[in-house]
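Chemist: Going down the list, the sequences are from chains A and B. Note that my numbering has the first sequence beginning at 1, numbered continuously upward. Note that my numbering has the second sequence beginning at 150, numbered continuously upward. We treat Cβ as the ideally placed atom computed from N, Cα and C, and that holds for glycine.
Number of protein chains: 2
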Amino acid sequence: MAEIDPYACLKLENQICFPLYACSKEVVRKYKPFLDELDLTYTQYITMMVLWDKKQMNVKEIGKCLYLDSGTLTPLLKKLESKGYITRHRSKEDERNLLIKITPEGEALKERAVAVPAQMGKCFDLDPKEAKLLYDLMYKLLDTFHTEE
Amino acid sequence: MAEIDPYACLKLENQICFPLYACSKEVVRKYKPFLDELDLTYTQYITMMVLWDKKQMNVKEIGKCLYLDSGTLTPLLKKLESKGYITRHRSKEDERNLLIKITPEGEALKERAVAVPAQMGKCFDLDPKEAKLLYDLMYKLLDTFHTEE
DNA sequence: TTCAATCGAATTGTACACAATTATTTTAGG
DNA sequence: CCTAAAATAATTGTGTACAATTCGATTGAA
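1) Rounded to the nearest angstrom, what separates I251(B) and D154(B) at their Cα positions?
2) Starting from the beta carbon of F183(B), find every residue of chain A whose beta carbon is closer than 8 Å, and list them in chain order.
3) Any idea if A22(A) is buried or exposed, counting beta-carbon neighbours within 10 angstroms, 16 or more meaning buried?
4) May I ask you to report which of helix, strand or coil DSSP gives I211(B)?
5) Cutting at 8 Å between CB atoms, please list the residues of its own chain near H238(B), excluding the five before and the five after it.
6) Report the residues of the region 188–205 of chain B with a CB closer than 8 Å to any CB of chain A, ordered along the chain.
7) Which of the three DSSP states, helix, strand or coil, is assigned to R90(A)?
8) Excluding sequence positions up to five away, which residues of its chain have a Cβ less than 7 Å from the Cβ of E230(B)?
9) Going straight from the alpha carbon of R245(B) to that of Q193(B), what length do you get?
10) Could you name the residues of the region 273–291 of chain B whose beta carbon sits closer than 8 Å to any beta carbon of chain A, in the order they occur along the chain?
11) So which residues of chain A does V208(B) contact, with C-beta pairs closer than 7 Å?
12) Mind checking which residues open and close the beta strand (DSSP E) that includes K101(A)?
13) Roughly how many angstroms lie between the CA atoms of K110(A) and E260(B), to the nearest whole one?
14) So that I know if they touch, is there some Cβ in chain B lying closer than 7 Å to that of E8(A)?
15) If you reduce the DSSP assignment to three classes, tell me which class Q119(A) lands in.
16) Please confirm if P168(B) has its CB atom under 7 Å from at least one CB of chain A.
17) In the DSSP output, which residue or residues are listed as bridge partners for M138(A)?
18) Find the nearest neighbour of E93(A) within the set I46(A), N58(A) and D69(A), judged by alpha-carbon distance.
19) Can you find a C-beta in chain B that's less than 7 Å from the C-beta of P117(A)?
20) Quick check on E149(A): does DSSP put it in helix, strand or coil?
21) Using alpha carbons as the reference points, say which of L187(B), G220(B), K181(B) and K213(B) lies closest to L12(A).
22) On the premise that L10(A) lies in contact with P253(B), defined as a C-beta separation below 8 Å, what is that separation, rounded to the nearest angstrom?
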């Protein structure tokens with residue numbers, strides 16, 4: 001009969017979070033060659049994604065969509081501004097709000113960006129059922145974390 | 150009949166990678182209060198995990214386990230050394246290898262660390278079947294990424 | 001009305017994460 | 001034996017992440 005290891009839970013192969021953490025990093029690495037063509041990092045890419053959808057938002061709203069805070073977004077948005085893809089202006093109605101607006105150049109980038117999801121899809125060896133499963137599991141966890149406090 | 154949006158693939162809610170990225174970050178954030186008690190960051194914690202298992206490794210081997218390179222590990226290992234949990238010495242047989250050894254203090258930390266997985270488990274609203282599913286999906290993806298090139 | 005509480009963004013400080021480069025050591029081919 | 005190639009860490013530079021703090025603007029209760 002096998003001895004029970006009281007520290008088995010501390011082995012990397014028994015962890016559920018570690019493969020999640022590692023997988024996330026590897027996925028972002030996979031994006032790199034495709035995003036390099038657009039001169040975007042992964043975080044800049046998903047930021048553009050919310051702006052392609054909404055056209056105008058403040059920093060707080062973007063942060064809520066992406067689970068990021070102003071400490072991450074402020075320098076990132078300045079970068080996107082310097083590339084000419086967005087503008088940053090204070091709201092007239094409430095000076096606390098910094099309005100982020102997409103520019104025509106930012107809109108144009110969308111044309112080239114549509115290629116990325118297709119290219120990434122080829123790197124994923126998941127059938128539609130598995131992909132849906134993964135998607136639902138991730139959002140279930142995100143919801144749990146969000147509603148807990 | 151609904152119009153087909155050629156840019157639908159660029160919407161955040163149609164992305165499979167984004168919830169993975171967001172979930173990974175949120176999980177690491179969940180660890181923080183528990184790891185703060187051990188004065189460890191998440192990356193330091195998983196590094197200790199491989200050393201609790203193997204006692205002695207070089208930087209390359211640790212990096213292979215954790216999917217990290219020396220640019221990340223070198224400063225992190227110096228930090229763990231300064232905390233007294235590991236030692237860093239060049240191998241006598243091959244001076245290129247930096248041998249990382251766990252100290253008695255590092256071993257002792259294991260006693261307090263066993264509490265962490267149990268505490269984290271309570272934050273996860275997944276039944277065993279879902280957890281297994283997630284685990285297998287993550288390793289399937291990691292394997293794909295690894296064997297592709 | 002007024003001022004304390006709140007809010008949104010920016011800043012600061014610490015810690016990854018990784019590509020690219022460098023330095024040192026070892027190995028192997030001629 | 002000697003030198004070119006390979007291997008291993010460390011370093012450098014850029015870009016996140018996030019907690020904590022600060023700052024200015026706004027709001028709401030006395």
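Modeler: Put simply:
1) Position 102 of the second sequence, counted from the start, is the residue given in the question as residue 251(B). Position 5 of the second sequence, counted from the start, is the residue given in the question as residue 154(B). Those two C-alpha atoms are separated by around 56 Å.
2) Taking the first residue of the second sequence as 1, we reach residue 183(B) at position 34. Going along chain A, no residue has its Cβ under 8 Å from F183(B), so there is no contact; the nearest lies around 12 Å.
3) Counted from its first residue, the first sequence places residue 22(A) at position 22. That one is buried.
4) Working through the second sequence from its first residue, we reach residue 211(B) at position 62. It is helical.
5) By one-based count along the second sequence, residue 238(B) stands at place 89. Around H238(B): L247, L248 and K250.
6) Y191, I195, M198, V199, W201 and D202
7) Translated into the one-based positions of the first sequence, residue 90(A) becomes position 90. Reduced to three states, the DSSP call for R90(A) is strand.
8) The residue labelled residue 230(B) in the question sits at position 81 within the second sequence. Closer than 7 Å at Cβ, skipping near neighbours: T236 and R237.
9) As a working note, residue 245(B) is residue 96 in the second sequence. As a working note, residue 193(B) is residue 44 in the second sequence. Near 23 Å, if we compare the C-alpha coordinates of Q193(B) and R245(B).
10) F273, D274, L275, E279, A280, L282, L283, Y284, L286, M287, Y288, K289, L290 and L291
11) Counting from one through the second sequence, the residue named residue 208(B) turns up at place 59. Here the premise fails: no neighbours, minimum Cβ distance about 17 Å.
12) Counting from one through the first sequence, the residue named residue 101(A) turns up at place 101. Here the beta strand (DSSP E) through K101(A) covers L98 to I102.
13) The residue you call residue 110(A) lines up with position 110 of the first sequence. The residue you call residue 260(B) lines up with position 111 of the second sequence. One C-alpha to the other measures close to 52 Å.
14) By one-based count along the first sequence, residue 8(A) stands at place 8. Checking the sequence shown, residue 8(A) turns out to be Ala, not Glu. Judged by the 7 Å Cβ criterion, A8(A) is not in contact with chain B.
15) Position 119 of the first sequence, counted from the first residue, corresponds to residue 119(A). Reduced to three states, the DSSP call for Q119(A) is helix.
16) By 1-based counting over the second sequence, the position of residue 168(B) is 19. At least one chain A Cβ lies under 7 Å of P168(B).
17) If you number the first sequence from 1, residue 138(A) lands on position 138. Partner(s): none; M138(A) has no beta bridge.
18) Here the question's residue 93(A) lines up with position 93 in the first sequence. Comparing Cα positions, the closest option is N58(A).
19) On the first sequence, residue 117(A) is found 117 positions in, with the first residue counted as 1. So, interface residue.
20) Within the first sequence, residue 149(A) is the residue found at index 149, counting from 1. Low confidence applies to E149(A): its pLDDT is 47, below 50, so where it sits in the model is not reliable enough to give any reading.
21) On the first sequence, residue 12(A) is found 12 positions in, with the first residue counted as 1. The shortest C-alpha separation from L12(A) is found at K213(B).
22) Counted from its first residue, the second sequence places residue 253(B) at position 104. Counted from its first residue, the first sequence places residue 10(A) at position 10. Contact doesn't hold; Cβ gap of about 17 Å is too wide.
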